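Novice: For any residue, its number in my numbering is found by taking its place in the sequence shown, counting from 1, and adding 19. Even for Gly, the Cβ is constructed at its ideal location relative to N, Cα and C. It should be emphasised that the depicted structure is a prediction, and the values quoted were computed from it without experimental measurement.
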Amino acid sequence: MSLQNTPFLLNKLRKQVTEIKRFLDLQQHSLHDWKFSDAKHSVISIKNIDENHWQECHLPHLWGGYNKTTWFHCNTTIPNRFINQALALSFDIIDEFSEALLIVNGEIIQGIDRNHTEAWLFDKTPPNRRLEIFIEAHSGHNDDLQQFRNVSLIQPDESMRSFYFTLKNAVEVVAGMRDSHPQRATILETISTFCSGIDWRNPGSKEFRDSCIGAHRRITRIFDQKSSEIDATVTPVGHAHIDVAWLWTFDETKRKCARTFSTALQNMKKYPEFHFIQSQPQLYEFIKDAYPDIYEKIKIKIQNGQWEPVGGMWVEADCNIPSGESLVRQIFYGKKFFRDEFDIDVQNLWLPDVFGYSPALPQILLKSEIYYFFTAKIAWNDINQFPYSTFMWQGIDGSQVFSHLTFLKNLYNSELAPADLKEAWEKYKQKENNASLLLSYGFGDGGGGPTTAHIENARCLENFPGLPKLKRQSVAEFFENSQENSNDIPIWSGELYLEYHRGTFTTQARTKWFNRKCEIALRESEFFLAFEEIVLNNTAAISLEKEWKLLLLNQFHDILPGSSIPEVYEDAELNYHKILKSSHKHISESCRNLGLIPDPLALTFFNSLNWRRNEPVEVRLNELPYLIHLQNERQSNIPFQILSVENGKTTLLVQPEINGLSAQSVTIVPQVKSPSFKNNLRVSEHDLQNKWYKINLNKSGQISQLIDRQSGKEIIHQGAPANVLQTFEDAPTSFEAWDIDNDFMHKPLSLFKCTERTVLETGPLRGCVQFIFKSKKSTIQQKIHIYRDSPRIDFATTIDWHEQRVLLKVLFPVNLKSESATFDIQYGNIERPTHRNTSWETARFEVPVHKWMDISEADYGVAILNDSKYGCDIIGNKMRLTLLRSPYPPDPVEPWRSVQYDKPTDQGEHHFVYSLLPHQGDWRSADVPRRAYELNIPITTHAGRLPNAFAEPLFTLDHKNLIIEAIKKAETGAGIILRFYDSAGQRGASKFDAGKNIKSVFLCNLLEETICELDPVNDGWHIDYKPYEIITLKILFS
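The structure is reproduced here in structure tokens:
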């Protein structure tokens, strides 16, 4: 065949495919006599609809509007002509952003959306069958009205449908082949020859259908004799990515799950080979609670292998912002659910759509018995293409996880079309190392999942020339076989940084503040419950699982990063308040159980960190009508400073000295005269001074000079002010809630002017100058604190923020030179270059950070600490922390229907603290990680007195680089779980001891499963650890 004829033949065959699609059904019958009822958004059951609310429905019927639910109802008898024939329902009732749930004769059948417009009912229709049809339709988040046009009974022609998919896929394969492909001309000519036998004189007639079936039989016979020449396999798995919240709320997600999961179950009835995967135990729990019938069907399909739970996390969580312990609990509760409910141990992490991946993850995964990792999002990089598809991902401690990355244009939402298979293989980068690919197909983000067309594609393309072969296996089997058959797999060491969505480190700052505070609140709650068990032998089973799961839910990758609609954040904030309220309740109850006696003249301080602390903490008391001093149990005076006396309350700044993991009671003693404490602070509107620094302030409220008094070093770069509140226009090209564009620096704004400065505190423990900065719309109140006994300089900031499309950063240009800077992450830290030598460094113009970042020379450095911020950048000597954004949520361009121009993000009040910490030596010798923990986890105070002294530490670790992240009751059985990590990147053997009688100590994984028992050595236990290693111990007491 001449190549010149190829375009002609392809166009002719495409036309025939289009025309054949018109005749995939043998007959149809439109249903009338519909009724409708507008319902509350939260209604998920027909039983909740008042019978009196049903109204007559005349088709086409207009329904919808913003976030509306409408129920439709029809009672009908199947016409006799359908008896003993296949029967389905066909829908033309919703528009692009709407979804519906089909219920027939009391049974949930499947979801309906723009991609799922048919529902199979019977292979052979029984006689005299009545159908009672309910449709629960949801309009989505757009204001447009929609049309409920028609619902029909149809008799599908299975033979014609099979021919249609075979021909359609064959034509698409040939169209995608290179002209030089040896089989292209032969296949095209074969298809064309056989299709020439189709009788086109009377389309839809018996003769037409018989001729199509004949052509199909001949084409199939030929293709059965051909096979793929590509030595590669693609494992296709049905999948529906369901965002736990995004352009919809949690309540709507529950209904999305019902639609998507019932559709998957419906597909399994019709296609026994169909294999469906679903991550996120949270979604399963939604279904278990709201749709128990669907849940029971899922359990059966899991048992027979058609349905596969994947992904070890509770939700597909953001991996930049949650703490290390949050990531541990994501996996702990995720794996626990799958084990408890389905008796399945999931060993893969499925995160196709997350905005970057912390290098702390590989160790967390391996120590949680997760050995495989799948993602797709890194393929979205906007500057550099990630170099690998299959690779070993190495974390900060050296742990490695077998990882697979797909580069498909549609990421995880493939339609399993020939073009998708071709693209998957062409973009696959490890062809010489591993010829095995994983491809998830099905509509996602808002759920939906695979259509029958996708599954028919899989049937047609199993072994087709020009495409890799399809291999039917589970995700678990894919990873096991792929790793076993791989050779010389490349290693990627460090973070998987997404060169996109850099604004997600900052957007919805209030949510990120709550996340940090709730993580700490749960840590403190667990500490108090463990304290109570150790001291009182109180082994009562008190679980914080419910609170943890609320926090983990809010860490979903479109909630915590800030890319959801405003209603989602209203729900999320309710969850945060529940966590904080519950944590406060648990802590108060533990204090009472420990014997805390109410006493207006006593205070008890608790230190949940594992080192001795001597730092001030604010205490609010009833107004004291006399002079006082404070004494500890040894009758030693405790330094304090009166901050205010107003409205019947006295606020003190108290500086106890307290051991790690201990408590200390202090007595308030009336005095004749005020106590006198040493005061080395000098405070005025223009300068601040303590034994560490001399700070000069300019008229703009910035630091014009900062001198280290001990070394004489100029800490701030000469001529460049510090603590500069910078503003920039922030209107990214796309994905506004997600993105910061690199050119933001080219549009600086000078919005804020210093309008007021006031000296508030002059010592003896703390000095404070307050500055007020104002723009036309917003106000920043900032208190600069210096301390008598701490080298930290705090910037306690309150912002009343009403800007739109403005980015706020704070700049510190330091007098240091280093090629790299260090950034705190979960369970460790990483170094990043401070230069922009290559495109890889240039792409990282905004990076994630946790509690601190540091730039150091050999003998001196500067750290910036924070209590709730996550975005930053360091270029050369310029250190900047990102404070606020104000994009429109989620985005005015895409998804364009969901923007709310009247509600830019982050409007209103924000409270946060960042700190400057200059130091001798590098960050390790200056104990910067400890100082950051102290800022974030202050000494807690409770009014009253403990009857017994708990001044001795519960546990001790003799290496200062080891930080205890969690002390908690064991999830199952007796014992206390102690989790700590090396924060300095060094090896060692630390002595571990406890002040109470220890019966035994076990080394555990992160699932709290025992690895081995540790033998005591002399008067304690010696724990070997590697750089950045996370150690988990289970301790049993006598």
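Could you tell me whether the Cβ atoms of Asp262 and Asp577 are closer together than 8 Å?
Specialist: Taking 8 Å as the Cβ cut-off, Asp262 and Asp577 qualify as a contacting pair.
Novice: Since Lys490 and Thr254 are thought to touch, with beta carbons under 8 Å apart, how far apart are those beta carbons, to the nearest angstrom?
Specialist: Rounded, the Cβ-Cβ distance is 5 Å, consistent with contact.
Novice: Let me make sure I understand the geometry here. Which of Arg1006, Phe969, Ile1050 and Leu1055 has the alpha-carbon closest to that of Ala993?
Specialist: For Ala993, the nearest C-alpha among the options comes from Leu1055.
Novice: Should Ser246 go down as buried or exposed, given a rule of 16 or more other Cβ atoms within 10 Å for buried?
Specialist: The residue is exposed, with fewer than 16 neighbouring Cβ atoms inside 10 Å.
Novice: Below 6 Å CB to CB, which residues in the same chain sit around Thr95 once its five sequence neighbours on both sides are set aside?
Specialist: Excluding positions up to five away in sequence, the list reads Leu50 and Leu150.
Novice: Suppose you measure from the CA of Asn452 to the CA of His929; what does that come to, to the nearest Å?
Specialist: Approximately 51 Å, taken between the alpha carbons.
Novice: One question on the structure: do Lys1045 and Thr1029 come within less than 8 Å of each other, judged by their Cβ atoms?
Specialist: No, the pair does not count as a contact, with Cβ atoms beyond the cut-off.
Novice: Name the DSSP bridge partner or partners of Val1061?
Specialist: No statement about residue 1061 is possible, as the shown extent of the chain runs from 20 to 1057 and does not include it.
Novice: Rank Asp142, Asp892 and Arg168 by C-alpha distance to the C-alpha of Phe110 and give the top, closest one.
Specialist: Here the closest residue by C-alpha is Arg168.
Novice: The alpha helix (DSSP H) that contains Gln301, what's its start and end?
Specialist: Looking at the DSSP string, the run of the alpha helix (DSSP H) that includes Gln301 is Pro300 to Ala309.
Novice: The alpha helix (DSSP H) with Arg785 in it runs from where to where?
Specialist: Not the alpha helix (DSSP H): Arg785 falls in the beta strand (DSSP E), residues Arg785 to Lys793.
Novice: Using the DSSP secondary-structure output, state which residues sit across from His135 in a beta bridge.
Specialist: Paired residues: Asp132.
Novice: When you compare the segment 627-643 with the segment 659-677, are there three or more beta-carbon pairs, one atom per stretch, that lie closer than 8 Å?
Specialist: Touching, per the Cβ criterion.
Novice: Where Asn980 and Ser1002 are concerned, what is the direct C-alpha to C-alpha distance, given to the nearest angstrom?
Specialist: Near 5 Å, if we compare the C-alpha coordinates of Ser1002 and Asn980.
Novice: Which of the three DSSP states, helix, strand or coil, is assigned to Gly847?
Specialist: In the structure shown, Gly847 sits in a strand (DSSP, three-state: E or B).
Novice: Does the distance from the C-beta atom of Gly83 to that of Gln174 stay below 8 Å?
Specialist: Not a contact, by the Cβ cut-off of 8 Å.
Novice: On the DSSP bridge list, what partners appear for Ala1013?
Specialist: DSSP output for Ala1013 lists Phe974 as bridge partner(s).
Novice: Can you pull the DSSP bridge partners for Tyr806?
Specialist: Its beta-bridge partners are Arg785.
Novice: Use the C-beta contact count for Asn286: other C-beta atoms within 10 angstroms, 16 or more gives buried, fewer gives exposed.
Specialist: Asn286 should be labelled buried.
Novice: Between the C-alpha atoms of Thr960 and Leu884, what's the straight-line distance to the nearest angstrom?
Specialist: Cα to Cα, the separation comes out at about 23 Å.
Novice: Is the Cβ-Cβ distance between Ser544 and His605 less than 8 Å?
Specialist: Contact flag set, yes.
Novice: State the Cα-Cα distance for the pair Val636 and Ile958, rounded to the nearest angstrom.
Specialist: The alpha-carbon atoms of Val636 and Ile958 are separated by roughly 7 Å.
Novice: Helix, strand or coil for Leu671 per DSSP?
Specialist: Reduced to three states, the DSSP call for Leu671 is strand.
Novice: For Trp757, which residues of its own chain have a beta-carbon under 6 Å away from its beta-carbon, when the five flanking residues on both sides are left out?
Specialist: Same-chain partners within the cutoff: His520, Gly522, Thr523 and Ser582.
Novice: Leaving out five residues on either side along the sequence, give the residues of the same chain with a beta carbon under 6 Å from the beta carbon of Asp1043.
Specialist: Only Ala1008 meet the Cβ criterion.
Novice: My assumption, with CB atoms under 8 Å, is that Glu538 sits in contact with Ser342. Please give the rounded CB distance.
Specialist: That pair is a contact at about 5 Å.
Novice: Starting from the C-beta of Trp915, find all residues in its chain whose C-beta is less than 8 Å away, skip the five residues before and the five after it, and write them out in chain order.
Specialist: Reliability fails at Trp915, whose pLDDT of 49 lies under 50, so the model's placement of it is uncertain and no value is given.
Novice: Around the Cβ of Thr1051, are there at least 16 other Cβ atoms within 10 angstroms (buried) or fewer (exposed)?
Specialist: Thr1051 is buried by the Cβ-count criterion.
Novice: Under a Cβ-count criterion, where at least 16 other Cβ atoms within 10 Å of its own Cβ denotes burial, should Val256 be classed as buried or exposed?
Specialist: It is buried - the Cβ of Val256 has at least 16 other Cβ atoms within 10 Å.
Novice: Run through the DSSP bridge pairs and tell me what Trp532 is partnered with.
Specialist: According to DSSP, which records beta bridges pairwise, Trp532 is partnered with nothing at all.
Novice: Under a Cβ-count criterion, where at least 16 other Cβ atoms within 10 Å of its own Cβ denotes burial, should Val691 be classed as buried or exposed?
Specialist: Val691 is exposed by the Cβ-count criterion.
Novice: Going by the DSSP bridge assignment, what does Cys338 pair with across the sheet?
Specialist: Beta-bridge pairing links Cys338 to Tyr376.
Novice: Quick one: what's Val263 bridged to in DSSP?
Specialist: In the DSSP output, where bridge partners are listed per residue, Val263 has none listed.
Novice: Using 8 Å for Cβ pairs, my map puts Glu155 next to Trp90. What's the rounded Cβ distance?
Specialist: Indeed they touch by this definition, with Cβ atoms about 6 Å apart.
Novice: If you draw a straight line from the C-alpha of Glu913 to the C-alpha of Thr239, how long is it?
Specialist: In this prediction, Glu913 scores a pLDDT of 48, lower than 50, which makes its location untrustworthy; no coordinate-derived value is stated.
Novice: Between Gly667 and Val688, what straight-line distance do the alpha-carbon atoms span, to the nearest angstrom?
Specialist: Distance between the alpha carbons of Gly667 and Val688 is about 19 Å.
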